[in-house]
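The numbering of the sequence shown is my numbering, which starts it at 653 and goes up by one. The beta-carbon is built from N, C-alpha and C at its ideal position, and this holds for glycine as well. These notes are about the structure you will find just below.
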Amino acid sequence: MADHILFQQWDEWFPFNPKMNEKVQCLLRNRSFDGLSPSELIKTHYLIQHYDSSLGAPLLMEHLKKPELYQNISQTEFFVTMSLLDLVSEKRAVIEEFLFKNNPEWFEFFKSSLRSSALNNEQMKSLLSYNLEPDEGFVGRYSEGVKLFLILSKERTVPGLFILKDHANRWVRNENGELWSQLALASSKHDLPFYSANGQTPQGIMTIDAVMPEANNQTLFGKNRRLVINFVPHSKDHETLKSFLPFDHQVSDWWKQAVIARDIGRRYFRIHGTGLKCQDEHESYYPFVRTSGCIAQREVEGKFNDQRVLLNQLMKAMDLEPIMENETLIKGVLTVVESNHQDRAISLKDIELLIDSFE
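Next up, the structure:
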């Protein structure tokens, strides 16, 4: 599970408690939003998805009656509005024109994240060959950690592939010299896009910040502790996030998905196993279980315990003994990106050929 109802920065005005639920439910039942301030009215957009998405269209129509709302809204509020346009397909063109006139720069940023294409071999080569340099700022906290890559197909029901660099930017390999890799799935069981609550795992750069305190709720999340994945914090012109990228990728669109997901309030991304079972052996992702945005690991009794394997490998890549006490010391960078292998998972051989071309 990746998303909860509320944005962290909005907790102060809509705290996560029964009173909040009562207030929102009352507003939705009455289809009246006059009691909300302009800022609250826009933020209620996101909450609607968790109660009654059919009310999203009436709420957007309310906004169109109040164009003054859009004169001084924040980037977050603008992106939230853009993220809900799927609810008003018949009026989408009209609303998009309205939003474009209000802020063409934000409008184009959001749209370009939707147009992002899978990376070709040259782009992938550039990304994989780039090494973070030591830095005293935010990047410096992670430059000496692991660098985990999840390379996906555009078709998200096809499992992707983890590969890994250690703390010294060396590719992690097995004893036979073969590149270490592990299958993983980043597919929304709700078939929603990255800009929706419980949607696909967004492409982009994120940080790995140790593990959850305990391996609780094992039916959903498996027997091992979940890896904590966070978005890179907001900065002017995305300078902090761009510091994790080679120059030629700083002008690309693929990483913008994580920015949009962050700014509309998605959070609680994790990498985890599960106690649930995939019931259909004919599914392209079998035996994986799809999630609400988290990255799934295989966990099948007697066959797969991939979360345990990943945790141990990350610790060893940081020169740590692979024991539970050291799981809290894991840190690094996660890069989630789609390759141009449209109809299948990129193979280990594909990646080996790319890496061999620049090493």
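Simplified DSSP assignment, three categories, for residue i
i: Thr926; result: coil
i: Asn882; result: strand
i: Ile975; result: coil
i: Trp953; result: According to the sequence provided, residue 953 is Glu. The question's Trp does not apply to it. Correct three-state label for Glu953: coil.
i: Arg942; result: coil
i: Ser991; result: strand
i: Arg914; result: helix
i: Arg822; result: coil
i: Ala969; result: helix
i: Val961; result: helix
i: Ile947; result: strand
i: Ile815; result: strand
i: Asn669; result: The predicted model places Asn669 with a pLDDT of 42, which falls under 50 and marks its position as unreliable; any figure quoted below should be read in that light. Asn669: coil per DSSP, three-state reduction.
Residue burial classification, residue i (beta-carbon count within 10 angstroms, cutoff 16)
i: Tyr937; result: buried
i: Ser833; result: buried
i: Gln965; result: buried
i: Leu802; result: buried
i: Gln959; result: buried
i: Met734; result: buried
i: Arg918; result: buried
i: Asn651; result: Here the chain covers residues 653 to 1011 and nothing more, so residue 651 does not appear.
i: Phe1010; result: exposed
i: Ala820; result: exposed
i: Leu1005; result: exposed
i: Arg942; result: buried
i: Pro854; result: buried
i: Asp843; result: exposed
i: Ser726; result: exposed
i: Glu891; result: exposed
i: Arg808; result: buried
i: Asn850; result: buried
i: Asp1008; result: exposed
Residue from the options with nearest C-alpha to residue i
i: Gly789; options: Val810, Leu737 and Ser887; result: Ser887
i: Asn772; options: Glu760, Leu804 and Phe761; result: Leu804
i: Gln949; options: Ser839, Pro865, Glu796 and Ala862; result: Ser839
i: Ile998; options: Trp758, Leu813 and Ser795; result: Leu813
i: Asn957; options: Lys968, Cys946, Pro939 and Gly945; result: Pro939
i: Leu816; options: Asn826, Leu800 and Leu837; result: Leu800
i: His818; options: Val985, Lys763, Ile1003 and Glu953; result: Position check: residue 818 holds Asp in this sequence, whereas His was assumed. It is Val985.
i: Thr728; options: Thr926, Lys955, Cys946 and Ala913; result: Ala913
i: Leu1000; options: Lys763, Arg825, Glu757 and Val732; result: Arg825
i: Leu739; options: Phe752, Lys806, Asp787 and Pro845; result: Pro845
i: Ile881; options: Leu972, Lys841, Arg767 and Tyr920; result: Tyr920
i: Phe883; options: Val791, Asp1002, Phe873 and Asp1008; result: Val791
i: Gln852; options: Gly925, Gln909, Glu760 and Leu928; result: Gln909
i: Leu972; options: Glu796, Arg878, Phe873 and Thr987; result: Glu796
i: Arg822; options: Ile975, Glu774, Val988 and Ala969; result: Ala969
i: Glu977; options: Thr926, Asp889, Glu866 and Arg793; result: Glu866
Residue-level contact to chain B via CB, residue i, 9 angstroms cutoff
i: Glu951; result: Among the chains in the structure shown there is no chain B, since it carries only a single protein chain.
Distance cut-off 8 angstroms: residue i Cβ against heavy atoms of the ligand NAP
i: Lys806; result: Although the ligand NAP was asked about, the structure shown includes no ligands whatsoever.
**Asked** Contact between the region 779-789 and the region 888-907: three or more CB pairs below 8 angstroms?
**Response** yes
**Prompt:** What are the complete beta strand (DSSP E) segments, minimum 3 residues, inside the region 784-808?
**Reply:** 798-804
**Start-end ranges of the alpha helix (DSSP H) lying completely within the region 830-906, minimum 4 residues** = Counting whole runs of 4 or more residues, the region 830-906 contains the alpha helix (DSSP H) stretches 870-873, 891-894 and 899-902.
**Prompt:** In the region 729-763, which residue ranges form an unbroken beta strand (DSSP E) of at least 3 residues, counting only runs that do not cross its ends?
**Reply:** none
**Asked** Pairing CB atoms from the region 904-911 with CB atoms from the region 739-758, are three or more of them under 8 angstroms?
**Response** The region 904-911, when compared against the region 739-758, does not touch it at the 8 angstroms Cβ threshold.
**Message:** Can you confirm whether the region 853-868 touches the region 962-982 when touching is taken to mean that 3 or more C-beta pairs between the two stretches lie within less than 8 angstroms?
**Reply:** yes
**Message:** So, does the region 820-830 touch the region 928-936, judging by three or more C-beta pairs under 8 angstroms?
**Reply:** They do not touch, by the three-pair rule.
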